[in-house]
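Colleague:
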Amino acid sequence: MTNAVAPAGRIRPDDGTFGRPATAIDRDTGAAADNKLFAQRAVAAGAGFDLHGRLLCTLGEGAAQRETVDAALDRLAVVLAPLAAGIEIGKGTRHGYGRLRLAAVTSVAVRCFGPDGYGPADGDAAKSNAARDLQQRIEARRPATSPRARPATRRRLVLDAPGPFLILDPAAPEASAAPAEDADGAEVHINVRGLAGADGTPVLWPSSLLGALRSRAAWLLEIDRLRRGDGCPFVPDRRKKGIRVDDRFLECVFDDRRSILGPGDLEYLTPVERLFGVPGWRGLVTVERLACVDRGQPRSRTSLAIDRLTGGGKHGALFTVEAVEGCRFEVDLAIGDAREARSAALETLDDDFFAHLEADLLKNGLMLGHGAARGYGWFTVAKASRG
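Yeah, the sequence shown ends on 446 if you go by the working numbering, and it's all consecutive.
(1) How many Å lie between Leu-363 and Asn-250 at the Cα?
(2) Taking only runs that begin and end inside the region 325-388, name each unbroken beta strand (DSSP E) of 3 or more residues, in chain order.
(3) Could you name the residues that DSSP lists as bridge partners for Val-102?
(4) By DSSP, does Val-167 sit in helix, in strand, or in coil?
(5) Can you pull the DSSP bridge partners for Val-251?
(6) Along the chain, where does the alpha helix (DSSP H) containing Arg-214 start, and where does it finish?
(7) Helix, strand or coil for Ile-302? Go by DSSP, reduced to three states.
(8) Can you find at least 3 beta carbon pairs, one from the region 334-352 and one from the region 182-192, that sit closer than 8 Å?
(9) According to DSSP, simplified to helix, strand and coil, what is Trp-278?
(10) Pull up the distance between the alpha-carbon of Leu-193 and that of Glu-126, whole angstroms please.
(11) Are the region 389-409 and the region 283-291 in contact at 8 Å, needing three or more beta carbon pairs?
(12) Which partner residues does Phe-57 have in the DSSP bridge list?
(13) Could you tell me whether the region 304-317 touches the region 382-393, where touching means 3 or more Cβ pairs closer than 8 Å?
(14) Among Phe-335, Arg-298 and Thr-345, whose alpha-carbon lies nearest the alpha-carbon of Arg-307?
(15) When burial is assigned at 16 or more other CB atoms within 10 Å of the CB, is Val-344 buried or exposed?
(16) Flag this pair as yes or no: are the beta carbons of Pro-261 and Arg-358 separated by less than 8 Å?
(17) For Val-102 and Arg-158, what's the separation of their Cα atoms in angstroms?
(18) Using CA coordinates, which residue listed in Leu-161, His-154, Leu-118 and Val-128 is at the minimum distance from Gly-107?
(19) Excluding sequence positions up to five away, which residues of its chain have a Cβ less than 6 Å from the Cβ of Arg-445?
(20) Drop a sphere of 10 angstroms on the beta-carbon of Leu-421, count the other beta-carbons inside from all chains shown, and report buried for 16 or more, exposed for fewer.
(21) If you measure between the beta carbons of Leu-132 and Arg-196, is that distance less than 8 Å?
(22) How would you write the range of the alpha helix (DSSP H) that Arg-317 sits in, first residue to last?
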């Protein structure tokens with residue numbers, strides 16, 4: 060769960076979870092929707108879980124017992140190999156959440172059960188040796204797990220913000236409770252705070268990144284349809300000009316339903332909808348990793364609110380925004396998976412459109428977080444090799 064970065068001071072000591080504050084975005088305006096502040100509770104990155112299991116089998120006696128134990132360990136290795144390679148559990152797996160990986164096998168005990176109950180337990184040395192044996196069997200089977208008919212295409216992008224960036228922290232304490240001091244020793248009351256991890260690392264939610272990518276993709280496709288008219292290859296013929304190219308809730312695509320029911324429905328979708336998902340179809344773009352590789356420097360900016368009627372500064376409306384400058388993120392995206400529902404023609408269309416989206420990002424960058432209209436969160440985008 061490397062993407063579940065917990066904001067500072069939010070991890071509960073009793074269960075290791077934290078509240079993830081968020082604001083729903085209005086799909087028509089792209090701005091925060093009114094009265095749509097919500098929170099999700101998640102387990103913080105780096106959490107560990109103890110897994111205890113038991114395999115019941117007939118061991119036999121004498122020399123046959125060793126063969127039976129070997130066969131049982133092989134069966135366990137087959138079961139645990141996907142977990143060693145990493146599996147996805149829970150909500151938000153497209154955002155990189157819920158990724159669990161088997162770190163190590165610490166103990167394996169073999170005990171016989173007979174008419175008199177369980178026999179003597181193995182010593183610590185025997186348990187450790189059996190654990191190492193099982194670990195080696197698991198490692199030998201990892202490459203053979205999760206076969207893919209069509210391997211996913213992977214991209215590593217570097218997002219660099221030379222200017223200020225922040226994601227609003229709606230649960231931040233009141234400014235008057237803890238005034239800070241600037242370089243001259245004067246008190247500065249922070250009115251707008253950005254989300255940060257325990258070590259001060261700025262937080263960028265994978266869901267925010269995917270939402271921005273989807274909005275950019277829909278905007279590009281709308282422009283392409285306006286330029287090409289009925290000749291746009293990315294828009295199905297059935298989609299009339301009045302139907303938006305990103306009908307994410309399928310309100311207009313089908314007359315009798317709002318969900319994908321089978322592979323035949325995919326041809327009525329645009330690449331935006333197939334790449335980022337609609338009801339009944341899981342999007343093909345997944346955030347595998349999102350990490351801050353340069354936290355930048357904290358900066359505070361004081362501004363004065365402008366009166367809309369007079370155009371002058373409002374009396375007593377001075378406010379300060381706390382953000383970071385020069386932060387940098389790395390993101391690993393995976394496009395496509397082992398599902399065979401798409402035809403080869405649709406795969407080609409989706410790949411071509413994502414290449415079009417990627418080229419636009421490299422040229423024009425991406426705006427993320429709070430205050431994009433005021434110059435906050437303007438990121439340049441560059442490709443990077445996956446080392």
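Beta carbons: idealized from backbone N, C-alpha and C, even for Gly.
Modeller: The short version:
(1) The residue labelled residue 363 in the question sits at position 304 within the sequence shown. The residue labelled residue 250 in the question sits at position 191 within the sequence shown. About 12 Å.
(2) 344-353 and 356-365
(3) In the sequence shown, counting from the first residue as 1, residue 102 sits at position 43. DSSP, once it has assigned bridges, lists Thr-76 as partnering Val-102.
(4) To locate residue 167, count along the sequence shown from 1; it is residue 108. DSSP places Val-167 in coil when its eight states are reduced to three.
(5) Sequence index remark: in the sequence shown, residue 251 carries index 192 (1-based). Answer is Val-380.
(6) Counting from one through the sequence shown, the residue named residue 214 turns up at place 155. Run containing Arg-214: none in the alpha helix (DSSP H); it sits in the beta strand (DSSP E), 212-224.
(7) What you label residue 302 is simply residue 243 of the sequence shown in a count that begins at 1. Note: Ile-302 maps to coil in three-state DSSP.
(8) no
(9) Taking the first residue of the sequence shown as position 1, residue 278 is located at position 219. If DSSP states are grouped into helix, strand and coil, Trp-278 belongs with the helices.
(10) The residue you call residue 193 lines up with position 134 of the sequence shown. The residue you call residue 126 lines up with position 67 of the sequence shown. Roughly 14 Å between the two C-alpha positions.
(11) no
(12) What is shown of the chain runs 60 to 446, which leaves residue 57 out entirely.
(13) no
(14) Counting from 1 along the sequence shown, the entry for residue 307 is found at position 248. Nearest C-alpha to Arg-307: Phe-335.
(15) The count along the sequence shown starts at 1 and reaches residue 344 at position 285. Burial call: buried.
(16) Working through the sequence shown from its first residue, we reach residue 261 at position 202. Working through the sequence shown from its first residue, we reach residue 358 at position 299. The answer is no: Cβ separation not under 8 Å.
(17) Stepping through the sequence shown from its first residue, residue 102 is reached at position 43. Stepping through the sequence shown from its first residue, residue 158 is reached at position 99. Rounded to whole angstroms, Val-102 to Arg-158 spans 11 Å at the Cα level.
(18) Position 48 of the sequence shown, counted from the start, is the residue given in the question as residue 107. Ranking Leu-161, His-154, Leu-118 and Val-128 by Cα distance to Gly-107 puts Leu-161 first.
(19) In the sequence shown, counting from the first residue as 1, residue 445 sits at position 386. Same-chain partners within the cutoff: Arg-215.
(20) Residue numbering aside, residue 421 sits at position 362 when the sequence shown is read from its first letter. By the 10 Å Cβ count, Leu-421 comes out exposed.
(21) As a first step, residue 132 must be located in the sequence shown, where it is residue number 73. As a first step, residue 196 must be located in the sequence shown, where it is residue number 137. A contact, by the Cβ cut-off of 8 Å.
(22) Taking the sequence shown and counting its residues from 1, one reaches residue 317 at position 258. No alpha helix (DSSP H) holds Arg-317; DSSP gives it neither H nor E.
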